[in-house]
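Here the structure comes first, spelled out in structure tokens, and everything after it is commentary.
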Amino acid sequence: MSERSKKARDLFYRKGDPMVAISAPSPLAARMLERAGFEYIFLGGEATFGTMIGTPGSYLDTSEKVAIAKYFVKAVDIPVIMDCDEVCGRGAAFAEKATEQYIDVGLAGLDLDDRVLPQERGAGQVEHEHHIASVVPIEEMVDKIEAAADVKKRMDPDFVLRIRCYEFSDRVPLGFPLSKTIERLQAYERAGADVLYLGEIENAEDVKTVLKEVNVPCTVPAAWMNYELAKELGVCEVRHPYELVMAMNASGWQFLTDFKERGWDASIAMRDRFAGNPYMAEQGALNIRH
Numbered sequence: 020m021s022e023r024s025k026k027a028r029d030l031f032y033r034k035g036d037p038m039v040a041i042s043a044p045s046p047l048a049a050r051m052l053e054r055a056g057f058e059y060i061f062l063g064g065e066a067t068f069g070t071m072i073g074t075p076g077s078y079l080d081t082s083e084k085v086a087i088a089k090y091f092v093k094a095v096d097i098p099v100i101m102d103c104d105e106v107c108g109r110g111a112a113f114a115e116k117a118t119e120q121y122i123d124v125g126l127a128g129l130d131l132d133d134r135v136l137p138q139e140r141g142a143g144q145v146e147h148e149h150h151i152a153s154v155v156p157i158e159e160m161v162d163k164i165e166a167a168a169d170v171k172k173r174m175d176p177d178f179v180l181r182i183r184c185y186e187f188s189d190r191v192p193l194g195f196p197l198s199k200t201i202e203r204l205q206a207y208e209r210a211g212a213d214v215l216y217l218g219e220i221e222n223a224e225d226v227k228t229v230l231k232e233v234n235v236p237c238t239v240p241a242a243w244m245n246y247e248l249a250k251e252l253g254v255c256e257v258r259h260p261y262e263l264v265m266a267m268n269a270s271g272w273q274f275l276t277d278f279k280e281r282g283w284d285a286s287i288a289m290r291d292r293f294a295g296n297p298y299m300a301e302q303g304a305l306n307i308r309h
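Sequential numbering from 20 applies to the sequence shown in our numbering.
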């Protein structure tokens, strides 16, 4: 049993104080998030793996993700949870093995989702969130959740299984009424989901309806969801996955273009601008004056 898994479970089940989560693009960024007071680290497909590999939509298999996860787990003391989108379209045996490996490496939880990715394009060329071909049959998804839940019961009962449901998405070609999607969510809960992720749910009224019908915490990854609304509705988490990677990339690009134009003067200006920033000071950069 892991202390970090227990902490993660406590965070998701905490009442009246939703977490605010920003994905970590690197182990150093994970340390920054921890230092800034964020309560857990999430490793997401684009924000983390797309950054580390350098290509949006990059596909990584479980062994590659395990290797990456080790660095993040060692970098921080707070829980680390990973998006396991490589399990999309794979069977229960694959989900079982992946869960074993992720628990072994020290993760506190994982995300499994019910998307079916387009067959005409390889996963490595798909920016996943924007290309949802369909969702898998409920029975198939239940088998995967049950397989993962059996592993966690044996290895780490507090390990958090967050199950993503994308049946809300208007990009799913068939379309489903909310009542049918709720039946799917209830099946996921019975199978062993600790947390439900309401992918692309469109409005607060639908969130209210769902929350009345399920008994586990729900994450709502919507741009319109803020802390105050999440608290009012009873949602367990507010997600802004790309904010840190955008800030780091945008500020880095701004500096590089300025340096290309002005040379060392741009670096001096940067040092002056960030004189009070602990990360600038800890690099010793404030003492370097060319």
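Idealized CB from N, CA, C, for every residue including glycine. Keep in mind that this is a model prediction, so the values were computed, not measured.
In the DSSP assignment, the alpha helix (DSSP H) including residue i goes from what residue to what residue?
i    : result
M289 : W283 to R292
D132 : That residue, D132, is in no alpha helix (DSSP H); its beta strand (DSSP E) goes G128 to D132.
L248 : Y246 to L252
Y261 : Taken as a continuous stretch (DSSP letters only), Y261 belongs to no alpha helix (DSSP H), as it is neither H nor E.
V124 : A111 to V124
L30  : E22 to Y32
Terminal residues of the continuous beta strand (DSSP E) containing residue i?
i    : result
M174 : Here M174 belongs to no beta strand (DSSP E); instead the alpha helix (DSSP H) covers I157 to M174.
F61  : I60 to L62
A210 : Counting along the chain, A210 falls outside any beta strand (DSSP E), though it belongs to the alpha helix (DSSP H) covering L197 to A210.
A40  : M38 to A40
Would a check of beta-carbon distances place residue i closer than 8 Å to chain B?
i   : result
M51 : Note that chain B does not occur in the displayed structure, where there is just one protein chain.
State the CB to CB distance for the pair residue i and residue j, rounded to an integer number of angstroms; the pair is presumed to be in contact (CB under 8 Å).
i    : j    : result
F31  : L62  : Incorrect: roughly 16 Å between the Cβ atoms, too far for contact.
L204 : L197 : Not really, about 10 Å apart at Cβ, beyond 8 Å.
A212 : V235 : 6 Å
I122 : V170 : 7 Å
Y326 : S77  : Lying outside 20 to 309, the shown extent of the chain, residue 326 is not represented and no answer is given.
In angstroms with no decimal places, state the Cα-to-Cα distance between residue i and residue j.
i    : j    : result
R292 : F278 : 14 Å
R258 : T276 : 31 Å
L129 : G282 : 45 Å
A241 : G125 : 29 Å
Y59  : V39  : 9 Å
G108 : T81  : 14 Å
N222 : R183 : 17 Å
E148 : A285 : Caution is warranted here: a pLDDT of 48 is assigned to E148, below 50, making its placement in the model unreliable, and the coordinate value is therefore given only provisionally. Computed Cα separation, rounded: 38 Å.
P297 : V106 : 39 Å
E83  : F68  : 10 Å
Q144 : T118 : Legend: pLDDT at Q144 = 38, less than 50; position of this residue unreliable, value from coordinates given subsequently. Approximately 25 Å, taken between the alpha carbons.
I201 : M101 : 25 Å
M289 : C237 : 41 Å
Taking Cβ positions, are residue i and residue j nearer each other than 8 Å?
i    : j    : result
K250 : G35  : yes
S24  : P98  : yes
R50  : V85  : no
A168 : L180 : yes
A27  : A127 : yes
K163 : L131 : yes
V226 : Y185 : no
V239 : V254 : yes
V264 : P44  : yes
Could you check what DSSP says for residue i in three-state terms: helix, strand or coil?
i    : result
A66  : helix
I72  : helix
I220 : coil
E186 : coil
L275 : helix
V226 : helix
D96  : coil
A48  : helix
L180 : strand
D104 : helix
L215 : strand
V233 : coil
S396 : The shown model of the chain, from 20 to 309, leaves out residue 396, and the question about it has no answer.
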